[in-house]
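Chains as they are written, first to last, in this note's numbering: chain P, 148 to 447; chain V, 154 to 314. A short worksheet on the structure shown next.
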C-alpha cells in the first residue's frame with residue numbers, strides 16, 4: 148500500500164524542525180518512529196503533504212533523572228524504556244513499555260510520538276496519566292511545558308500547534324510507598340488493546356489508600372481518569388467492599404464503542420476487571436512485593 | 154507512482170553499500186525488493202501485523218512495511234540474504250531446516266531475523282523469552298512448536314561456535 152505522495156525533510160535540530168514546519172504549512176507532519184503514523188498514511192486516513200523526520204536529532208534520545216523527575220527525550224523508544232532504570236523504579240512504566248505491540252514496534256515506536264499521535268488506543272496516554280506527567284513542547288516562541296491532562300484534548304488531537312514539536316516527557320517520580328500497574332488485554336501481540344487500565348496507589352498503615360489514580364484506556368476518545376473510582380478508595384481501607392465500589396465507578400466512567408475488538412458492554416466489563424487487578428497488583432508492589440504484570444494476550 | 158520528487162537513499166545492506174533514488178513514500182520493504190532486488194524479505198500483510206517483512210536496521214528490528222525508505226538513510230541493514238556466509242547457511246537457518254521450523258516458508262525470512270535479534274539479546278532464551286521475541290511474527294503453518302524447537306537448536310549451536 149502506498150501513502151499519498153509527500154515531500155520528505157530531515158531535521159537535525161529542534162529549531163530546524165520548527166522552521167521546516169513553519170515553511171511547509173499546516174499539512175506537514177512530524178515523523179518519529181512512525182509506528183502509528185505510517186499505517187494511517189498507508190490507509191490514507193492521514194495524508195500529510197510533507198514529513199519532517201526528527202530522528203536525526205540525537206539530543207531527543209536521552210533519558211535523564213533530575214530533581215525527582217524522570218525526563219524522557221521524545222525519541223526514546225518503547226524498547227529503551229522496557230530495559231531502563233526508570234522502568235525498574237517506576238513499574239507502571241515497565242508494564243507499559245514492555246507490552247506495547249511486539250518487539251519490532253517497540254524497537255521503533257517512541258514515547259513522544261505515541262503521545263503526540265494521541266491515538267485513543269495508545270498505551271502511554273493511559274499509563275502516564277496515572278503519574279504526574281508533563282509534555283515539553285518546542286515552537287517558534289520557545290519552550291512550554293503542558294500537563295498531560297491538558298496536552299491530550301481529544302482522539303488524535305493534542306495541544307500542539309502545527310509548528311510545535313514534542314521534545315520531552317517529564318514524569319515525577321512517585322513517593323516512597325507508592326506503586327502502580329498498567330494492565331491491558333489485547334487479542335494478539337501486534338494489535339492495540341481492547342481495553343487497558345492503570346492504577347497508581349500510595350499506601351499508609353499497610354492497607355490504607357492515601358493517594359490513588361485510576362485511568363482507563365481504549366474505552367473513550369481519550370484515556371479517562373476515573374475520578375469517582377479514585378474517590379471510592381482515597382483515604383479508605385483497601386478492602387473488598389471499597390475495591391468493589393471503585394470497580395463499579397470505573398465501569399460507569401468508561402465510555403466505550405462497539406467495534407471489531409468487542410461490544411461496548413464487553414469492553415466496560417473488561418475495563419472493570421482490569422481496574423480490579425491493577426489495584427491489587429499496585430497494592431502488592433507498594434508493599435514491596437515484586438509482581439510481574441502488563442499486557443495479556445493469547446499465546447503470551 | 155506519481156511524479157513526486159525522488160530522493161537518494163543510501164544504506165549498507167548486508168555489509169554492502171547500496172543506493173537508489175526513490176519517492177519518499179517508498180516503504181523500506183519496497184526499497185529492498187523493488188530497487189535493490191533483494192526479494193528475500195517478504196511482504197505478508199502490509200499492515201504491520203505479520204512480521205514477514207522483519208529486517209534489522211541499526212541493531213533494531215523493524216517491520217520494513219512500516220518505515221519509509223528515506224528514514225533508513227545511512228543505516229546498517231541486515232536482511233535474510235545477509236545470513237548465509239560463503240555459501241554456508243547460518244546456524245539459525247540450519248536449525249529451522251533441521252527442525253521443520255517452516256512449511257510454506259512465507260513467514261520464514263522475518264522469523265529468522267526476529268530469531269537472530271532474540272538470540273543476540275538472550276543467547277539462551279527461556280520459553281517465555283522466545284514467545285515474547287517472536288510475538289510479532291505470524292506463522293500459519295507450523296503452529297509454532299517446531300519454530301520453538303528450531304530456536305532452541307539454533308541457540309545451542311550458536312553457543313558452541
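All C-beta atoms in this analysis are idealised placements derived from N, C-alpha and C, irrespective of residue type, glycine included. On a predicted model such as this, the values are computed, not experimentally measured, just so you know.
Checklist entry - Any Cβ of chain P within less than 8 Å of the Cβ of residue 220/V? => result yes
Next on the checklist: Determine, for residue 149/P, whether the minimum Cβ-Cβ distance to residues of chain V falls below 8 Å.
Outcome noted: yes
Next on the checklist: Taking the alpha carbon of residue 390/P as the reference point, which residue from 368/P, 243/P, 371/P, 348/P has its own alpha carbon closest?
Outcome noted: 348/P
Item to check | Proximity of residue 448/P and residue 207/P at Cβ, strictly below 8 Å | outcome: The first residue shown for chain P is 148 and the last is 447, placing residue 448/P beyond what the model contains.
Item to check | CA nearest to the CA of residue 377/P, picked from 326/P, 229/P, 370/P, 346/P | outcome: 346/P
Checklist entry - Shorter than 8 Å from the beta carbon of residue 154/P to some beta carbon of chain V? => result yes
Next on the checklist: Helix, strand or coil, according to DSSP, for residue 347/P in the structure here?
Outcome noted: In this structure, residue 347/P counts as strand in the three-state DSSP scheme.
Next on the checklist: Strictly below 7 Å CB to CB, what residues from chain C border residue 254/V?
Outcome noted: The structure shown contains no chain C; its protein chains are P and V.
Checklist entry - Can the beta-carbon of residue 266/V be found less than 8 Å from the beta-carbon of residue 231/V? => result yes
Checklist entry - Along chain P, in chain order, which residues have C-beta atoms closer than 8 Å to that of residue 286/V? => result Here the neighbours are 250.
Item to check | First and last residue of the uninterrupted beta strand (DSSP E) at residue 319/P | outcome: 312-319
Next on the checklist: At the level of alpha carbons, what is the spacing between residue 263/P and residue 370/P?
Outcome noted: 14 Å
Item to check | Proximal chain V residues relative to residue 181/P, where beta-carbon distance stays under 8 Å | outcome: 219, 220, 221, 224
Item to check | Residue range of the beta strand (DSSP E) that includes residue 330/P | outcome: 325-332
Checklist entry - Just reading off the alpha helix (DSSP H) that residue 254/P is part of, what are its end residues? => result 250-255
Item to check | When 354/P, 368/P, 406/P, 404/P are compared against residue 387/P, the one with the closest alpha-carbon | outcome: 354/P
Checklist entry - Where does residue 276/V fall in DSSP's three states? => result coil
Next on the checklist: Just checking: is the beta-carbon of residue 389/P within a distance shorter than 8 Å of some beta-carbon in chain V?
Outcome noted: no
Item to check | As assigned by DSSP and simplified to three states, the class of residue 283/P | outcome: strand
Next on the checklist: Just to confirm the assignment, what range does the alpha helix (DSSP H) spanning residue 259/P have?
Outcome noted: Looking at the DSSP string, the run of the alpha helix (DSSP H) that includes residue 259/P is 258-264.
Checklist entry - Hey, would you say residue 278/P sits closer than 8 Å to residue 239/P, going by beta carbons? => result yes
Checklist entry - Counting along the chain, where does the beta strand (DSSP E) carrying residue 294/P start and finish? => result 289-294
Checklist entry - What are the start and end residues of the alpha helix (DSSP H) that includes residue 154/P? => result From DSSP, residue 154/P is part of no alpha helix (DSSP H) but of the beta strand (DSSP E) over 154-157.
Next on the checklist: Can you confirm whether the segment 300-318 of chain P touches the segment 166-186 of chain P when touching is taken to mean that 3 or more C-beta pairs between the two stretches lie within less than 8 Å?
Outcome noted: Touching, yes, given that three or more Cβ pairs across the two stretches are closer than 8 Å.
Checklist entry - Can you name, in chain order, every residue of its own chain whose Cβ lies under 7 Å from the Cβ of residue 253/V, other than the five neighbours on each side? => result 299
Next on the checklist: Between the alpha carbons of residue 217/V and residue 173/V, how many angstroms are there, rounded?
Outcome noted: 16 Å
Next on the checklist: Would you call the segment 285-296 of chain V in contact with the segment 201-211 of chain V, where contact means no fewer than 3 C-beta pairs closer than 8 Å?
Outcome noted: Between the segment 285-296 of chain V and the segment 201-211 of chain V there are three or more C-beta pairs closer than 8 Å, enough to call the two in contact.
Next on the checklist: Extract the residue ranges of the beta strand (DSSP E) inside the segment 346-423 of chain P, only unbroken runs of 3 or more that lie entirely within it.
Outcome noted: 355-364
Checklist entry - Any residues in the segment 200-216 of chain V with a beta carbon nearer than 7 Å to a beta carbon of chain P? Which ones, in chain order? => result 200, 201, 202, 204, 207, 213, 214, 215, 216
Item to check | Beta-carbon contacts of residue 209/P that lie in its chain and below 6 Å, excluding the five residues immediately before and after | outcome: Correct list, in chain order: 220.
Next on the checklist: According to DSSP, residue 213/P sits in a beta bridge with which residue or residues?
Outcome noted: 216/P
Checklist entry - Where do the N-terminal and C-terminal ends of the alpha helix (DSSP H) with residue 245/P fall, by residue? => result 238-246
Checklist entry - Enumerated in chain order, which unbroken segments of the beta strand (DSSP E) with a length of 3 residues or greater are wholly contained in the segment 214-295 of chain V? => result 228-231
Next on the checklist: Spatial neighbours of residue 397/P within its chain, please: C-beta separation below 7 Å, excluding the five flanking residues on both sides.
Outcome noted: A distance below 7 Å between beta-carbons, with the five flanking residues on each side excluded, links residue 397/P to the following residues of its chain, in chain order: 361, 363, 373, 376, 418, 419, 422.
Next on the checklist: Considering just the uninterrupted stretch of the beta strand (DSSP E) at residue 163/V, what are its terminal residues?
Outcome noted: 160-166
Item to check | CB-CB length for residue 170/V against residue 163/V, believed under 8 Å | outcome: That belief holds up - the Cβ atoms of residue 170/V and residue 163/V are roughly 7 Å apart, short of 8 Å.
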